[in-house]
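*Asks:*
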Amino acid sequence: MDHPPTHEVTRLLLAWSDGDQSALEQLVPLVYDELHRLAAHYMSGERAGHMLQTTALVNEAYMRLVDWKDVRWQNRAHFFGVAAQVMRRVLVDFARARQSAKRGGELRRVSLAEGAVVSEKEGADFIALDEALESLAAMDPRKSRVVELRFFGGLSVEETAEVLKVSPRTVMREWSFAQAWLHRELSTG
Amino acid sequence: MTPERWQQIDQLYHAALERDAALRSAFLDRACGGDAELRREVDSLLVSHERGRAFMAEPALRVAAQVLAGDRAESLVGRVLAHYRVVSPLGAGGMGQVYLAEDTALGRRVALKLLPEYFTHNKEQVQRFRQEARAASALNHPNILTVYEVGQVDGAEFMATEYVEGETLRARMARTRMPVSEVLDVAIQVASALSVAHEVGIVHRDIKPENVMIRADGLVKILDFGIAKLTEKLSATDLEAATEAQTRAGMIIGTAAYMSPEQARGQTVDARSDIFSFGVMLYEMLAGKRPFAGENAIETIGLILNKEPVPLSQQRPEVPHEIERIINKTLRKDREERYQTAKDVLIDLKAVKQDLEFQKKLERTAATDREEAKTQVVNATTSEIAPHNTTAENTGSRARWYRRWPVMAALGVLLLGSIGLGGYFWRQRTGPSNEKRSVAVMPFVNETGDPQVEYLSDGMTDTLISSLSELPNIRVKARTSVFRYKGKEIDPKLVGKELGVQAIVIGRVAQRDGRTNVLLEVVDTESEDVIFSTKYDKPQSALVTLQGDIARDVSRKLKSKLSGAEEAKVTKTHTADPEALQLYLQGQFYWHKGGRNNVLRATDYFNKAIEKDPNYALAYAGLASNYSSYELYNIAPPADYRPKAKAAAMRALELDDSLAGAHVALGKSGADNAEQEFRRAIELNPNYAEAHDALCVSLTYQKRFDDAIAECKKAQDLDPSSSIVTTDLGVAYAFARRPDEAIEMFRRAHEMDPSLFVPLGYLGFAQTLKGQYTEAIATFRKAIEVSDGSPNAKSHLAYALARAGQRDEALKLVDELKRQAAHEHIRSFHFAVPYIGLGNKDEAFFWLGKGVDEQSIGFAELDVHPWFDDLRSDPRFKALLIRTNLPKS
Chain A
3 MDHPPTHEVT
13 RLLLAWSDGD
23 QSALEQLVPL
33 VYDELHRLAA
43 HYMSGERAGH
53 MLQTTALVNE
63 AYMRLVDWKD
73 VRWQNRAHFF
83 GVAAQVMRRV
93 LVDFARARQS
103 AKRGGELRRV
113 SLAEGAVVSE
123 KEGADFIALD
133 EALESLAAMD
143 PRKSRVVELR
153 FFGGLSVEET
163 AEVLKVSPRT
173 VMREWSFAQA
183 WLHRELSTG
Chain U
13 MTPERWQQID
23 QLYHAALERD
33 AALRSAFLDR
43 ACGGDAELRR
53 EVDSLLVSHE
63 RGRAFMAEPA
73 LRVAAQVLAG
83 DRAESLVGRV
93 LAHYRVVSPL
103 GAGGMGQVYL
113 AEDTALGRRV
123 ALKLLPEYFT
133 HNKEQVQRFR
143 QEARAASALN
153 HPNILTVYEV
163 GQVDGAEFMA
173 TEYVEGETLR
183 ARMARTRMPV
193 SEVLDVAIQV
203 ASALSVAHEV
213 GIVHRDIKPE
223 NVMIRADGLV
233 KILDFGIAKL
243 TEKLSATDLE
253 AATEAQTRAG
263 MIIGTAAYMS
273 PEQARGQTVD
283 ARSDIFSFGV
293 MLYEMLAGKR
303 PFAGENAIET
313 IGLILNKEPV
323 PLSQQRPEVP
333 HEIERIINKT
343 LRKDREERYQ
353 TAKDVLIDLK
363 AVKQDLEFQK
373 KLERTAATDR
383 EEAKTQVVNA
393 TTSEIAPHNT
403 TAENTGSRAR
413 WYRRWPVMAA
423 LGVLLLGSIG
433 LGGYFWRQRT
443 GPSNEKRSVA
453 VMPFVNETGD
463 PQVEYLSDGM
473 TDTLISSLSE
483 LPNIRVKART
493 SVFRYKGKEI
503 DPKLVGKELG
513 VQAIVIGRVA
523 QRDGRTNVLL
533 EVVDTESEDV
543 IFSTKYDKPQ
553 SALVTLQGDI
563 ARDVSRKLKS
573 KLSGAEEAKV
583 TKTHTADPEA
593 LQLYLQGQFY
603 WHKGGRNNVL
613 RATDYFNKAI
623 EKDPNYALAY
633 AGLASNYSSY
643 ELYNIAPPAD
653 YRPKAKAAAM
663 RALELDDSLA
673 GAHVALGKSG
683 ADNAEQEFRR
693 AIELNPNYAE
703 AHDALCVSLT
713 YQKRFDDAIA
723 ECKKAQDLDP
733 SSSIVTTDLG
743 VAYAFARRPD
753 EAIEMFRRAH
763 EMDPSLFVPL
773 GYLGFAQTLK
783 GQYTEAIATF
793 RKAIEVSDGS
803 PNAKSHLAYA
813 LARAGQRDEA
823 LKLVDELKRQ
833 AAHEHIRSFH
843 FAVPYIGLGN
853 KDEAFFWLGK
863 GVDEQSIGFA
873 ELDVHPWFDD
883 LRSDPRFKAL
893 LIRTNLPKS
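These protein sequence lines map, in sequence, to chains A and U. Counting with the numbering used here, you get residues 3 to 191 for the letters of the first sequence. Counting with the numbering used here, you get residues 13 to 901 for the letters of the second sequence.
1) So, is the C-beta of Gly-83(A) closer than 8 Å to a C-beta in chain U?
2) Quick check: is any heavy atom of the ligand ZN less than 7 Å from the C-beta of Glu-336(U)?
3) Between Pro-455(U) and chain A, is any beta-carbon pair separated by less than 8 Å?
4) Cβ of Trp-438(U) less than 8 Å from any chain A Cβ?
5) If we define contact as Cβ-Cβ less than 8 Å, is Tyr-270(U) a contact residue for chain B?
6) Can you give me the C-alpha to C-alpha distance between Ser-767(U) and Ser-735(U), rounded to a whole angstrom?
7) Beta-carbon of Lys-123(A) versus every beta-carbon of chain U: anything under 8 Å?
8) Rank Phe-179(A), Ser-19(A), Leu-15(A) by C-alpha distance to the C-alpha of Val-33(A) and give the top, closest one.
9) Can you find a C-beta in chain U that's less than 8 Å from the C-beta of Leu-182(A)?
10) Does Asn-340(U) come out as helix, strand or coil in the three-state DSSP assignment?
11) Considering only the alpha carbon of each residue, which of Gly-742(U), Leu-630(U), Arg-608(U), Lys-365(U) lies closest to Thr-587(U)?
12) What span of residues does the beta strand (DSSP E) with Tyr-467(U) cover, start to end?
13) For a contact meaning CB atoms closer than 9 Å, what does Trp-603(U) contact in chain A?
14) If we define contact as Cβ-Cβ less than 8 Å, is Ala-140(A) a contact residue for chain U?
15) Thinking just about the alpha-carbon of each residue, which of Lys-782(U), Ala-822(U), Lys-581(U) is nearest to the one in Arg-793(U)?
16) In whole angstroms, give me the CA-to-CA distance for Ser-121(A) and Tyr-467(U).
17) For Asp-22(U), which three-state DSSP category applies?
18) Following the continuous alpha helix (DSSP H) through Ala-48(U), name the residue where it begins and the one where it ends.
19) Would you say Ser-169(A) lies against chain U (beta-carbon separation less than 8 Å)?
20) Give the residues of chain U in contact with Met-89(A), contact being defined as C-beta atoms less than 8 Å apart.
21) If you scan the stretch 480 to 516 of chain U from start to end, which runs of the beta strand (DSSP E) of 3 or more residues do you find wholly inside it?
22) Ser-637(U) to Asn-627(U), Cα distance in whole Å?
23) Assuming the contact rule is C-beta atoms closer than 8 Å, Gly-300(U) and Gly-306(U) should be a hit. Round their C-beta distance to whole Å, please.
24) Given this structure, state the Cα-to-Cα distance separating Ser-272(U) from Ile-310(U), to the nearest angstrom.
25) Flag Gly-51(A) as yes if its beta-carbon sits less than 8 Å from any beta-carbon of chain U, otherwise no.
26) Using DSSP with H/G/I as helix, E/B as strand and the rest coil, what is Gln-326(U)?
27) If we call anything under 8 Å between Cβ atoms a contact, is Val-281(U) one with Arg-217(U)?
28) Is Phe-179(A) near Met-89(A), with beta carbons less than 8 Å apart?
29) Go ahead and pull the three-state DSSP assignment for Ile-838(U).
30) Can a CB atom of chain A be found closer than 8 Å to the CB of Met-293(U)?
31) Start and end of the alpha helix (DSSP H) containing Tyr-617(U)?
32) For Glu-538(U) and Gly-508(U), which I take to be in contact (beta-carbon distance under 8 Å), what is that distance rounded to the nearest angstrom?
33) Given that a residue counts as buried once 16 or more other Cβ atoms are within 10 Å of its Cβ, and exposed if not, what is Trp-705(U)?
34) What would DSSP say about Arg-184(U), mapped onto helix, strand or coil?
35) Please work out which residues of its chain come closer than 7 Å, Cβ to Cβ, to Leu-109(A), disregarding the five sequence neighbours upstream and downstream, and give them in chain order.
36) Does the stretch 523 to 537 of chain U touch the stretch 735 to 745 of chain U, meaning 3 or more C-beta pairs lie closer than 8 Å?
Below you can see the structure in the form of structure tokens.
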């Protein structure tokens, strides 16, 4: 398949962060590609691998999109940050597109906790989360960034700490608060 | 909201979380003063914190993919495309989604492959999709999937093919290791299909286990002649794209692993390339791993180009030499040295098959000639099955292979669709039958993330552990050793190595809408193969039987045959009342959590469970065990709780004498024949680490140190990460006056669980035995810190201070302890000890006497404890020993 090499992804991400809007258009199909690939995995009826493998698949998908090993770019942290922003943009747009496609029909909300196990009430969709993140950013930008990097960017605690230049402990504290705060906003709102 | 306010909320939120849940409310009362709104803010966040643990726990990409998968699968089912009615999703093929559909015109079932909508914008994808159809439809062979029709409907590309009910070779390999005979059957059919395709000039170019389907009757079908091309050159850009695709595909498609060297180099590809890929697949089927397995695609390609695989005979010694020779010839790097046509491979494979069948016949004849009395017949009805001669294990490896062969062959036939034999097969592979198999049950994941039902996931894990540990020939890792993996990502290989187990059980539990869902898998830690995987969906009211079902299914997988008695043991439910069961599980949950408050809560739950079902033996046993924790947390004087513990244990045994836990609890409750009780428990359940541990302690106090050490080591083997067991082993060493070994154990125990003060307390104690008072003082100070002011640790510190000459400080601590005794129970022992350190024998004897009267100090402790050595020559000490034997009023 015609996936550009990772250095091309890197280039696009950096171009976008420099203000090149057309770069985003080229990035969208790449994220969609991964999305479809993962979806295909979930759809495959056979339980080929064990469930731990699914986690590995997701990690791999992120790795391909945001492969820091491949970044020759000096500022690794900056690159991570940009990638997470792009992921957020694309995934929120995905949710919007889905919403408008389903308008009129019954819309299942995108549950942010895994799959069907958690009741819908406890989850919320990307769109609402995106808005809540905006409000959080107004009050406390760092907490909002932690969520963007970890949830949308798929970064680990350590990587997030690196991007924000704080200790992993701080990231964990910020995450804990943001998680509770957002959960509250989305379940009452 | 002002930034100051925000910061205040942030700080209070974290400060509250750092405190024990029970203390939070009081803390917030103080911290918020009268600011009700502030209090509400923090409270609501704390509630959200508890409820929202699962919130955003999965990365966004995964969440979105799951939603997309749901949408897609839903959107097409029931729809009619052309003359096909979509019935259900079948899975994802190499390219596109595959659905089961009904051909409304002909009334037959078909597999309908749809190019995902997203890809239809991509001309190249459409091109390739059509190409696949054309290539495949040019072939007519029973082992090649038949294409019925290609077309377009509503702008979507589709292909209708024959519907094959079966599993992919990939799935087959993941299930169990394939018997040689089955591998041979599959290989012959694939070679036969390839030889026909090659004859008409079609090269598959993507032979891999995902593209081979096996029907239940054993018929093999090759799929996806998708990238087959009529021998056409690969351009350099194609290669780049292909390499890139494989790099990306990684473990999803894994094509790189099956590439021929010439494919990897981007050279012209011909039929001999398929032969190489076929060889890779054949090797994998037999060895259980790929011949060229790099960390990533690039590394894999490097291996394909430059390295010879590990000889198959090393991976699986029983593979006939001839098969190894054939595979080696398919895997030659230089295609000129390889088999030149698939037909040649086919001829050789068929010859091996004939040889083996002949051997089998010989074997059957020989077996009939032998005395059948010594032999063990595999439980199956087919007359084809030869007896498995157990004495054959001792002969040479080649001979052994031939003897085992008939059984393997028989299994090969039976494994298709058979569940019951999987466990048997696993046993075969993991070694001689007298070797114990070892397994660890990983803490079940609480899928709901709701801490209110955490007791359920923990409880189900516990129940499964104790059920399995009742089976002979299976070694089950104890609770403490597995619970340190709770909430962590599980790497089967790593866990296998760390715990020394051959398999792990992983499970996920969810409770919603009155139903309990459990997803369960048994994974081989070495190969990471899923040995067994299943799902349960039961109403909450059926919790009792659900636990029994799980225990039965898992144990059947781990053990070839369960005797009726064993099955009854494993599935025993103890109560029919689901509410009582839930209360019991909650009791267990809090008991395991430990800490004064949790232990008290546990007592409450066990009592409630007993109230619900007064004949619930397990609940009595739980209550009795729970009382044995009272001493550790200074909850009440022994005279108060021991009789209760004893009564509960006795009642449990009256209801069910086979409860090992109740025997241990009875022994610990101060029964006269404690040692017997512990031994009985071990007899009932040899895997029961706690029983070995209790026996070890009992032997230590009888000064039978060597036996004690041996027993503690057994407990340690079963529960390697238990800091309690390690501590008790240290105590045995310490009391045996072997302080160096003791210190080593206490240090280890401390590392295992730094939050426990007991190992630290004993570490300091062992240091005093060596006269290292300065070190001991530091250790005890740390113990006090860790335990939040445990009187035990303070008493010990006072002893060490006194010994080190800091008498005033020691006396100050004693005063402090006396004040503390006003609101919590403190054993007299802890008052006697500082006075011994101070050399104040009068006071020491006073407190020891008090302890004896209160029954908190017994003969054994006085007799064995090294700190009493200074008192032993005093006539009062002898009098004290005698006093322990006097009847108590």
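Idealized CB from N, CA, C, for every residue including glycine.
*Replies:* So, from the listed chains and residues:
1) False, the Cβ-Cβ gap to chain U never drops below 8 Å.
2) Judged by which ligands are present, the structure shown has none, so any question about the ligand ZN falls away.
3) No, Pro-455(U) lies away from the interface with chain A (no Cβ there is under 8 Å from its Cβ).
4) Note on Trp-438(U): pLDDT 35, under 50, position unreliable in the model; the coordinate value appears next. For Trp-438(U), the answer is no, since every Cβ of chain A falls outside 8 Å of its Cβ.
5) Reference to chain B is not applicable here, since the protein chains of this structure are A and U.
6) A direct Cα-to-Cα measurement between Ser-767(U) and Ser-735(U) gives close to 10 Å.
7) Its pLDDT being 28, under 50, Lys-123(A) is placed unreliably by the model, and nothing is read from it.
8) Ranking the options by Cα distance to Val-33(A), first place goes to Leu-15(A).
9) The displayed chain sequence assigns Ala, not Leu, to residue 182(A). Cβ-Cβ to chain U under 8 Å: yes for Ala-182(A).
10) In the structure shown, Asn-340(U) sits in a helix (DSSP, three-state: H, G or I).
11) Residue Leu-630(U) holds the alpha-carbon nearest to the alpha-carbon of Thr-587(U) among Gly-742(U), Leu-630(U), Arg-608(U), Lys-365(U).
12) Taken as a continuous stretch (DSSP letters only), Tyr-467(U) belongs to no beta strand (DSSP E), being part of the alpha helix (DSSP H) at 466 to 481.
13) Correct list: empty, because the minimum Cβ distance to chain A is about 28 Å.
14) Among the CB atoms of chain U, none fall inside 8 Å of the CB of Ala-140(A).
15) Closest by alpha carbon: Ala-822(U).
16) In this predicted model, Ser-121(A) has a pLDDT of only 27, less than 50, meaning its place in the structure is not dependable; the value taken from the coordinates is given anyway. C-alpha of Ser-121(A) to C-alpha of Tyr-467(U): approximately 19 Å in a straight line.
17) Of the three classes helix, strand and coil, the one that applies to Asp-22(U) here is helix, per DSSP.
18) Judged by DSSP secondary structure, Ala-48(U) falls within the alpha helix (DSSP H) whose first and last residues are 48 to 63.
19) So, not an interface residue.
20) Around Met-89(A), the beta-carbon contacts reaching into chain U at under 8 Å are Ala-72, Leu-73.
21) Runs found: 486 to 488.
22) Those two C-alpha atoms are separated by around 17 Å.
23) Their Cβ separation, rounded to whole angstroms, is 17 Å, which puts Gly-300(U) and Gly-306(U) out of contact at 8 Å.
24) Answer to the nearest angstrom: the Cα atoms are 14 Å apart.
25) Confidence is the limiting factor: at Gly-51(A) the pLDDT is only 36, short of 50, which leaves the residue's position unreliable, though a coordinate-based value still follows. With 8 Å as the cut-off, Gly-51(A) counts as an interface residue toward chain U.
26) Gln-326(U) falls in the helix class under three-state DSSP.
27) In this structure, Val-281(U) sits near Arg-217(U), with a CB-CB distance shorter than 8 Å.
28) Going by C-beta atoms, Phe-179(A) is not nearer than 8 Å to Met-89(A).
29) Note: Ile-838(U) maps to coil in three-state DSSP.
30) False, the Cβ-Cβ gap to chain A never drops below 8 Å.
31) Here the alpha helix (DSSP H) through Tyr-617(U) covers 608 to 624.
32) Going by Cβ atoms, the distance from Glu-538(U) to Gly-508(U) rounds to 6 Å, so yes, they are a contact pair.
33) In the sequence as displayed, the identity of residue 705(U) is Asp instead of Trp. With 16 or more neighbouring CB atoms inside 10 Å of its own CB, Asp-705(U) falls in the buried class.
34) Residue state, collapsed to three classes: helix.
35) For Leu-109(A), the pLDDT reaches just 41, beneath the cut-off of 50, and the residue's location in the model is therefore unreliable, leaving the point undetermined.
36) No, the stretch 735 to 745 of chain U is not in contact with the stretch 523 to 537 of chain U.
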